[in-house]
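Visitor: Before I ask anything, let me first share the structure, which is written out below as structure tokens.
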Amino acid sequence: MLDVTKEMTIDGYLAFVSLPENEGKYFELNHGEILEMTPPTTIHSYIVTTLSYFLYGFVLNHDLGFVFGDNTGYALSQWRLVIPDVSFVAKGRLNHPLPDLIPVAPDLAVEVISPSNTHREMTNKIEDYLEHGTKMVWVVYPEDKVIDVIRKTDDGGSYKRRYGGNDSLSGEDVIPNFSVAVAKIFPQQNEA
């Protein structure tokens, strides 16, 4: 039996998640602590699928790298494993055959906020992404239909810009020339 009360490393995490009682469950490793993630809601899945569709099509057509959905783990350190909802890794940073656990931070990480996410949890996760080399994080708020784009600044801090309504979301220098209308990312209301 694994002792999950001790500070867990990636190897211990992988042993823990492979236990039969954990089948079908989602976990992340947060600085040595295993966190169980709640299953995604329908709107969460819709947004993840929609963003994956737009990003994958663009990245594939321009041979820019790899786009992954919400089952791909990134080992940011020996004690930190994250599973973004959507992610992109630029060509040349990852090669075939693809590893089961990606050993580099994604260039773009997308997190779709769920009701179970706390502000502190998401702030820590964003800080970890940026600290370990992620160039841009998109934080999607389904209820407000807005997306925060967060990037690291030259002085080690970060800045945030919010997009919504009629704005277009850009890949900036991370996915050059990529753009999608924010409104297309969220389910549209049917008019009676």
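Residue 199, in the numbering used here, is where the sequence shown stops; the numbers in between run on with no holes. Note that beta-carbon positions come from the ideal geometry of N, C-alpha and C, so glycine has one too. Since this is a predicted model, take the numbers as computed values, not measurements.
1. Per the contact definition of three or more C-beta pairs closer than 8 angstroms, is the region 148-155 in contact with the region 186-194?
2. With a floor of 3 residues, list each beta strand (DSSP E) that falls wholly inside the region 151-195, ordered by position along the chain.
3. Taking just the CA atoms, how far does Glu30 sit from Asp161?
4. Find the nearest neighbour of Tyr166 within the set Phe75, Lys142, Pro183 and Phe185, judged by alpha-carbon distance.
5. Given that a residue counts as buried once 16 or more other Cβ atoms are within 10 Å of its Cβ, and exposed if not, what is Arg127?
6. Quick one: is Thr79 buried, meaning 16 or more other Cβ sit within 10 Å of its Cβ, or exposed?
7. With DSSP run on the structure shown, which of helix, strand or coil describes Pro27?
8. Between His51 and Val119, how many whole angstroms is the CB-CB distance? I'm expecting something under 8 angstroms.
9. What is the residue span of the beta strand (DSSP E) that Met35 lies within?
10. Could you tell me the distance, in whole angstroms, from the CA atom of Ser25 to the CA atom of Gly64?
11. Which residues share a DSSP beta bridge with Met143?
12. Looking at the unbroken alpha helix (DSSP H) that takes in Leu105, where does it start and where does it end?
13. Taking Val89 as the reference, which of Gly99, Leu105, Pro110 and His103 has the closest Cα?
Guide: On the basis of the supplied data:
1. Touching, per the Cβ criterion.
2. DSSP runs (the beta strand (DSSP E)) wholly in the region 151-195: 153-159, 165-171, 175-177 and 186-188.
3. Spanning the two alpha carbons is a distance of roughly 42 angstroms.
4. With distances taken between Cα atoms, Tyr166 lies closest to Lys142.
5. Within a 10 Å sphere around the beta-carbon of Arg127 sit fewer than 16 other beta-carbons, which makes this residue exposed.
6. Label assigned to Thr79: buried.
7. Reduced to three states, the DSSP call for Pro27 is helix.
8. Right, the Cβ-Cβ distance comes to about 5 angstroms (below 8 angstroms), so this counts as a contact.
9. The sequence as given places Glu at residue 35; Met does not occur at that position. For Glu35, the enclosing beta strand (DSSP E) stretches over residues Tyr33 to Asn37.
10. Taken atom to atom, the span from the alpha-carbon of Ser25 to that of Gly64 is near 32 angstroms.
11. According to DSSP, which records beta bridges pairwise, Met143 is partnered with Leu115.
12. Taken as a continuous stretch (DSSP letters only), Leu105 belongs to no alpha helix (DSSP H), as it is neither H nor E.
13. If we check each option's Cα against that of Val89, Pro110 comes out closest.
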